[in-house]
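Q: To convert, note that position 901 of the sequence shown is 900 in numbering that gives the first Met the number 0; the numbers rise steadily by one, no gaps. One structure coming up, written as structure tokens, with questions to follow.
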Amino acid sequence: MPERIVVSFRGTAALSQPDSTDAVAPWAGRRGALRAAVPPSRHRSAPRDAGAAARGAETYLTRALALKKRAEALGATLCAWSAQTFSFEFTPEDSEEAVLLAALAAEDAAVHPDARFAAGIAQGEMTYVGEAGRFTALSWGQPLLVAVMLARIALPGDVLLDPALPAVLSGELMTLGLHRGIDGARRVRGLRLDAQQPLRRQVVESVARLCKPPLLHRDGELAELAVPPGSLAVVRAEAGAGGSRLLLDLLRLLSPSRSLFVAPIGASREPFGALRRALARAAPRTEKARARAPVLPDRLQPALARLLAGEGVEPWTAAEVLAAWLAPSGARFGLLAVDDAAEVDAVSLDAIAIAMEMGAGLRAVVRLGRSDPLPAPLTAITPAAAVTLGPLPAASAQDLVRRLLDGCIDEAGARRWAARAPAFPLALRELLCEALESGVLRWIGRSVAPRRRSAGRGRPARTMTGAELAAPPAFRPIEGRLRLLAVGPRSILTALATLGGDASDAAIDGLCDGTGAPKVASLAPALLGAGWAFRPEPGWLKLSSRTLRDALLAAVPPGERAAWHLAAARVVEEHAGVLGLADAAWHAAKAGDRRSAAELAARAARAAGDALLESSAAELLAFADEQETAREHRLDEAPDSTSSQPPTFRTPIEVVGEAPDPERGPPAPAEERPDAHRGAADSAARWRGPASPDGARGGTLPAPRPDDHRAALAHEAPAGFLDTTSLDAGQLLGDASGDPLAKTSESPVLSMNDIAVRLAELARQALVQGDLRTLERLVGELRRTGEHADLVERMSGLVSLGRGAKDDALRRFRIAAEVEASPAQRARALLAYGVALAAAGRTEGALLEGLSALARAREAEDRRGEQACARFLAQLAAATGHEDAARAWTQVARLAGVAPPS
């Protein structure tokens with residue numbers, strides 16, 4: 000029995016002479032009152048007279064035959080009919096045609112609303128009975144029974160859908176609510192089809208009608224940014240506040256002689272990557288605008304060619320290219336705009352800083368996050384102006400909603416939807432996109448209204464979590480839109496986000512190869528129309544916002560991220576220049592392919608050295624050495640890696656504790672001492688940077704539970720309780736599961752420093768696991784070595800606190816906090832003391848010590864320490880019932896986590 004979609008129609012056919020037979024008469028209702036044979040219309044038109052009924056009787060058959068011809072043209076077959084109902088069946092593949100046939104009949108403008116057909120649609124197995132013509136095949140089945148009952152209870156002009164219809168369950172059809180009725184002795188219910196926008200793809204197409212309004216409520220900020228020649232201006236804005244749009248409008252407003260828009264590309268690891276992309280795109284725009292292209296001196300032509308080819312040049316030469324490109328013309332000076340400056344590669348920023356110091360009158364405007372520090376290469380330049388973009392006023396937010404919808408929504412609706420999202424431009428736009436794509440809003444002609452009266456009212460459907468509160472304002476509506484997106488377009492967007500949010504069609508297709516996703520060219524019009532991306536140049540696709548990039552990467556399942564990074568490393572290696580191999584190395588490292596990462600980084604380092612980029616070459620070599628060391632450690636791991644016990648090495652911990660202190664061996668060679676690698680390790684840490692395409696920032700740790708002080712202590716241990724200055728660079732930057740003693744211990748006798756390092760690491764692991772017995776034993780062994788006295792004191796305090804000896808624990812923490820040390824070390828000690836006070840129930844003292852620790856961490860420019868202090872203060876505020884303060888400190892922690900390391 001084949002499965003079919005059945006569409007049943009019920010018309011209104013009146014008798015031409017109703018008094019000529021006794022078979023038709025009004026029937027009594029349940030209480031004896033006479034009841035009309037035809038239900039009253041819900042339409043507001045006046046009741047028709049007898050003549051109109053007669054004319055309806057004459058035209059019923061004509062309209063039914065016309066509908067039959069239309070159905071046959073769409074591939075349908077007439078399967079059943081009666082005096083006032085008739086039904087057609089479609090194959091399951093023709094579901095769209097079946098819905099359109101019913102919608103066109105229900106919305107027939109040439110027919111009076113009371114005389115229109117009512118329709119019902121159901122799907123299931125049908126039994127063939129016999130043929131009655133070329134386009135007639137009599138059939139029967141449950142779908143026919145359900146469709147006819149739905150048509151009987153439907154009002155004229157309505158189309159009711161079986162709630163079990165597959166197209167309804169998949170969300171392909173748009174409905175207007177539930178309709179209930181009684182057919183004979185059965186209660187029947189169906190979903191009302193939106194006959195004006197029956198298909199979801201029609202609803203999605205409404206997003207393309209959103210307008211791009213002018214920049215609102217930013218006139219004061221634009222006026223402040225009219226900086227004099229040779230100066231720097233800073234724009235601080237949260238994600239989605241309109242900072243990028245402000246830079247673009249500023250380029251048009253100031254009418255510079257020439258302009259250059261610089262933004263981060265890829266993984267921001269390629270030296271001169273941002274500057275190369277900016278120069279490559281500026282030349283075509285200059286020619287398109289018929290402006291005079293910059294004339295560079297002959298000696299700079301080869302340098303420009305090397306920059307565009309991704310081979311790099313010496314920073315001073317790159318600065319000369321910039322100065323010549325943005326040279327003044329008459330009384331007009333060049334303008335350089337740097338978007339998301341915190342993520343732009345340091346070499347590009349070095350060239351910009353040098354160019355501004357050449358005295359050519361070059362102006363620059365950089366955009367940063369609200370708490371991002373000015374990048375190190377630009378700190379020597381005193382900003383002439385600084386503005387901060389906050390949320391829009393309520394009136395401006397309502398105006399923005401009306402302008403986005405082209406004035407098609409009334410004032411009450413604009414006020415309702417403006418209050419549904421934070422008053423940031425991107426958040427409001429994404430909220431409207433989500434409402435249109437999900438069908439909550441209907442955009443018909445010049446009218447935008449809720450599909451249901453309750454839509455857009457009240458508070459959000461659920462309370463947001465702490466992570467959602469800390470996320471950018473537009474993050475939540477973007478996540479809602481992504482859930483509605485099909486697999487193919489979402490795969491393309493994920494590939495684009497993995498490549499940094501700005502990539503060529505060829506690179507995206509190469510990354511999607513094997514995923515089953517269609518080519519970019521076939522889906523680009525839909526992606527552009529929905530506002531997911533735009534074309535910065537022919538053959539390239541760029542995401543509409545960096546918030547969208549972060550949301551896409553955060554939505555990738557953790558188990559699939561390594562595969563995406565591995566494919567990205569291959570694609571970047573094929574499409575990038577020789578310096579772009581730095582991005583490929585980073586992707587390979589994220590995928591766990593450390594061998595390829597080391598090889599790619601070494602090749603990029605050689606190219607950087609050839610271009611006289613000594614600092615970049617050193618950082619790349621340090622990264623390559625880190626990856627190779629981590630790979631060797633992984634190969635040296637014990638075969639049984641599933642044991643839950645701490646790994647033991649050549650000298651067991653028990654032997655170390657019972658044996659007399661061994662004499663210190665001769666000092667290690669310079670290339671093996673931790674200090675010899677510390678500079679390279681710091682450079683490698685800076686090169687790795689804070690941004691992570693997994694949707695998170697490097698270095699952030701999960702927040703502990705407020706009700707468990709041991710979790711809070713364990714959370715602080717990696718950054719606060721372990722003195723990392725004495726650890727080897729491979730231990731700091733390599734794989735945590737590797738053997739830190741493998742490359743220095745050729746004999747079973749370990750130096751005292753090596754033993755202390757290992758004991759400190761095991762103590763940290765015991766602290767994280769909450770194993771007080773092991774921690775107490777390891778602290779005792781660590782005290783024997785005489786190393787890490789401050790760490791021993793803090794660990795002893797933790798043991799005392801865990802044993803219930805609060806006074807002794809607080810005494811130890813207070814002594815450690817009062818010791819004169821560097822600001823970073825003082826921050827750790829003060830934070831430990833604050834956590835101990837909180838665990839002892841002394842919240843006021845904990846608050847004071849936490850604030851002091853935060854001040855010391857900021858003094859030391861220790862972002863991880865600042866983040867840990869802010870998280871502790873957030874937990875403390877939440878535990879004492881100050882929810883607003885807890886949210887504020889959580890936001891501070893998030894901003895500290897996304898800031899680049901000092």
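Glycine included, every Cβ here is placed at the ideal spot set by N, Cα and C.
1) Is the separation between the beta-carbon of V486 and that of D504 shorter than 8 Å?
2) Using 8 Å for Cβ pairs, my map puts G479 next to L542. What's the rounded Cβ distance?
3) Determine the closest residue to R3 out of F533, F87, V364, with distance taken between C-alpha atoms.
4) Taking 7 Å as the cut-off, does the CB of L334 come closer than this to any heavy atom belonging to the ligand NAD?
5) From the DSSP output, read off the bridge partner residues of E124.
6) Figure out for me which residue from G444, V312, R415 has the closest Cα to the Cα of A434.
7) Three-state secondary structure (DSSP) at T842?
8) Going by C-alpha distance, which of S7, L373, D113 is nearest L231?
9) Assess contact between the region 226-245 and the region 524-533, defined as three or more Cβ pairs (one per stretch) separated by less than 8 Å. Is contact present?
10) Label P1 either buried or exposed according to how many other C-beta atoms from any shown protein chain fall within 10 Å of its C-beta, with 16 as the threshold for buried.
11) Leaving aside the five residues before and after A105 along the sequence, list all residues of the same chain whose C-beta is less than 7 Å from its C-beta, in chain order.
12) For V447, count neighbouring C-beta atoms within 10 Å of its own C-beta (all shown protein chains included) and say buried if the count is 16 or more, exposed if not.
13) Whole angstroms are fine: how far does the CA of L361 sit from the CA of I380?
14) Can you tell me the Cα-Cα spacing of E860 and V167, whole angstroms?
15) Assuming contact is defined by CB atoms lying nearer than 8 Å, are L620 and A596 in contact in what I supplied?
16) Report yes or no: do three or more beta-carbon pairs, one from the region 248-256 and one from the region 384-392, lie closer than 8 Å?
17) Determine whether the beta carbon atoms of R191 and L172 lie at a separation below 8 Å.
18) Closer than 7 Å by C-beta to S795: which residues in its own chain qualify, once you throw out the five before and the five after it? Chain order, please.
19) Which complete alpha helix (DSSP H) runs does the region 209-296 hold, if anything under 4 residues is left out?
20) Tell me whether L427 is buried or exposed, calling it buried when 16 or more other Cβ atoms sit within 10 Å of its Cβ.
21) Is the Cβ-Cβ distance between I477 and L527 less than 8 Å?
22) With DSSP run on the structure shown, which of helix, strand or coil describes L814?
23) State the DSSP-derived secondary structure class of I477, mapped to helix, strand or coil.
24) Assuming G368 and L853 make a contact with CB atoms under 8 Å, what is their CB distance in whole Å?
25) Since A623 contacts A600 with CB under 8 Å, what's their CB separation in whole angstroms?
26) With DSSP as the reference, label W539 as helix, strand or coil.
27) Measuring only the C-alpha atoms, how far is S347 from R602?
28) Measuring CA to CA, which of A568, D549, F474 is closest to C511?
29) Taking R902 as the reference, which of R862, A873, G579 has the closest Cα?
30) Tell me which residues share the same chain as I814 and place their Cβ nearer than 7 Å to its Cβ, disregarding the 5 neighbours each side in the sequence.
31) Identify, in the order they occur along the chain, each residue of the same chain with its Cβ nearer than 7 Å to the Cβ of E310, setting aside the five sequence neighbours on each side.
32) For A826, which option in A837, L797, E858 has the closest C-alpha, if you only look at C-alpha atoms?
33) Nearest-angstrom Cα distance between A222 and A413?
34) G509 by DSSP, collapsed to three states: which one?
35) Could you check how far apart the C-beta atoms of L481 and A554 are, in whole angstroms? I think they sit under 8 Å.
36) Tell me the DSSP secondary structure of V386 in three-state form.
A: The relevant details are as follows:
1) Between V486 and D504, the C-beta spacing is not below 8 Å.
2) Contact doesn't hold; Cβ gap of about 17 Å is too wide.
3) For the residues F533, F87, V364, the minimum Cα distance to R3 belongs to F87.
4) For the ligand NAD, the structure offers nothing, since it holds no ligand at all.
5) Bridge partners of E124: E2.
6) Ranking the options by Cα distance to A434, first place goes to R415.
7) T842 falls in the helix class under three-state DSSP.
8) Selected option, being the one with the closest Cα: L373.
9) Not touching, per the Cβ criterion.
10) Flag for P1 reads exposed.
11) Once the five neighbours on either side are set aside, the close Cβ partners of A105 are R115, F116, A118, G156, D157, V158, A194.
12) Buried, since its Cβ has 16 or more Cβ neighbours within 10 Å.
13) I380 and L361 have their alpha carbons spaced roughly 12 Å apart.
14) If I take the Cα positions, the gap works out to 56 Å.
15) Against a cut-off of 8 Å, the Cβ pair of A596 and L620 comes out as no contact.
16) No, because fewer than three Cβ pairs between the region 248-256 and the region 384-392 fall closer than 8 Å, the two stretches do not touch.
17) Not closer than 8 Å, so no.
18) For S795, where only same-chain residues beyond five positions count, the Cβ hits under 7 Å are V778, R811.
19) Within the region 209-296, the complete alpha helix (DSSP H) runs of at least 4 residues are 218-223, 242-252, 272-287.
20) Buried, by the Cβ-count rule.
21) Contact flag unset, no.
22) A small fix is needed here, since residue 814 is Ile in this sequence, not Leu. I814 falls in the helix class under three-state DSSP.
23) Secondary structure of I477 (DSSP, three-state): helix.
24) Cβ-Cβ separation between G368 and L853: approximately 19 Å, too far for a contact (criterion under 8 Å).
25) A623 to A600, Cβ: 4 Å. Contact.
26) DSSP places W539 in strand when its eight states are reduced to three.
27) Distance between the alpha carbons of S347 and R602 is about 20 Å.
28) The option with the nearest alpha carbon to C511 is A568.
29) The chain is shown from 0 up to 901; residue 902 falls before or after that span and cannot be answered.
30) Its chain contains E792 as the residues whose beta carbon lies nearer than 7 Å to that of I814, once the 5 sequence neighbours on both sides are disregarded; these appear in chain order.
31) The residues are G576, V577, L578, A606, A610.
32) Answer by Cα proximity: E858.
33) Their backbone Cα atoms lie some 29 Å apart in a straight line.
34) Residue state, collapsed to three classes: helix.
35) About 6 Å; that satisfies the 8 Å criterion.
36) V386: strand per DSSP, three-state reduction.
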